[in-house]
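Residue numbers (our numbering): 1396 to 1620. Here the structure comes first, spelled out in structure tokens, and everything after it is commentary.
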Ligand code: DX5
Ligand code: ZN
């Protein structure tokens, strides 16, 4: 599937969202990662569904949405036709099969092509994944506690990435995403552990986004995995 790179916009300049997105578009980025936080599931608030829709209006970049919210179903129906991938946290879902079926029914009924991903907090065990074969397109491994950009990558998560890789080895085209604390120094070991979809915010938006994406892509292209 190759390695995908997704820019999480939250460390960018929010005072001029359009400029931020236009600048990001000029880089060689593959996706935009939109962190929706409700101040409830996580102790921070970013933006909600109306901003996701506005972003869709100003960019052709594919959008992956990371819902760090309680009651994600309320958000999903609102934005599903504007985005390319939806990720919800397993920690807030009591009945994952019914939940995923509902999302897929909406996707099919609207004739959309949207990937469905499940996000896991650092301390959440990934054993449950083995029951979800055939149900999901992405496993989003949080490598920091969610809620804020600029946190330090949790090294113990490398082992978790490799566990996920082992669990999904015969699942076909399913992404293993990594989100939190990724930079030019740790990306190689993260990819070698099994990640193939990398979400980055601080490293990309500190300084020049075009050059930072280039730098990360150069590293990715050199990795033998
Ligand atoms: C954290 C978010 C991440 C975060 C990544 O709660 O889900 O997407 O913005 O930012 P960095 O790359 O700064 O850790
Ligand atoms: Zn995120």
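C-beta: ideal position from N, C-alpha, C; glycine also.
| Check | Outcome |
| --- | --- |
| Residue 1592 by DSSP, collapsed to three states: which one? | strand |
| Please report whether the beta-carbon of residue 1568 lies at a distance below 8 Å from any beta-carbon of chain D. | Going by chain labels, chain D is absent from the structure shown, which holds only one protein chain. |
| Just reading off the beta strand (DSSP E) that residue 1537 is part of, what are its end residues? | 1533 to 1537 |
| Just checking residue 1557 against the ligand DX5 - is the residue's beta carbon closer than 7 Å to any of the ligand's heavy atoms? | no |
| Is the beta carbon of residue 1475 less than 8 Å from the beta carbon of residue 1469? | no |
| Is the closest heavy atom of the ligand DX5 to the C-beta of residue 1529 under 7 Å? | no |
| Residue 1400 and residue 1569: beta carbons closer than 8 Å? | no |
| For the alpha helix (DSSP H) that contains residue 1616, what are its first and last residues? | 1604 to 1617 |
| Tell me residue 1573's beta-bridge partners as DSSP assigns them. | 1536 and 1593 |
| With hydrogens ignored, establish whether the beta-carbon of residue 1480 is closer than 7 Å to any heavy atom of the ligand DX5. | no |
| Please state whether DSSP places residue 1460 in a helix, a strand or coil. | strand |
| Okay, do the region 1538 to 1552 and the region 1495 to 1513 touch, 3+ Cβ pairs below 8 Å being the bar? | no |
| Using the Cα positions of residue 1441 and residue 1432, report the straight-line distance between them to the nearest angstrom. | 5 Å |
| On the criterion of 16 or more Cβ atoms from any shown chain inside 10 Å, does residue 1602 qualify as buried, or is it exposed? | exposed |
| State whether the region 1571 to 1585 contacts the region 1532 to 1540, with contact taken as three or more CB pairs (one from each stretch) at a distance under 8 Å. | yes |
| Anyone know if the C-beta pair for residue 1462 and residue 1427 falls short of 8 Å? | no |
| Should residue 1560 and residue 1589 be called a contact, given that it needs their Cβ atoms to be closer than 8 Å? | yes |
| Does the distance between the C-beta of residue 1403 and the nearest non-hydrogen atom of the ligand COA fall short of 7 Å? | For the structure depicted, the ligand COA is absent and the ligand set comprises only the ligand DX5 and the ligand ZN. |
| Report all residues for which the CB-ligand distance to some heavy atom of the ligand ZN is below 5 Å; order them along the chain. | 1430, 1461 and 1574 |
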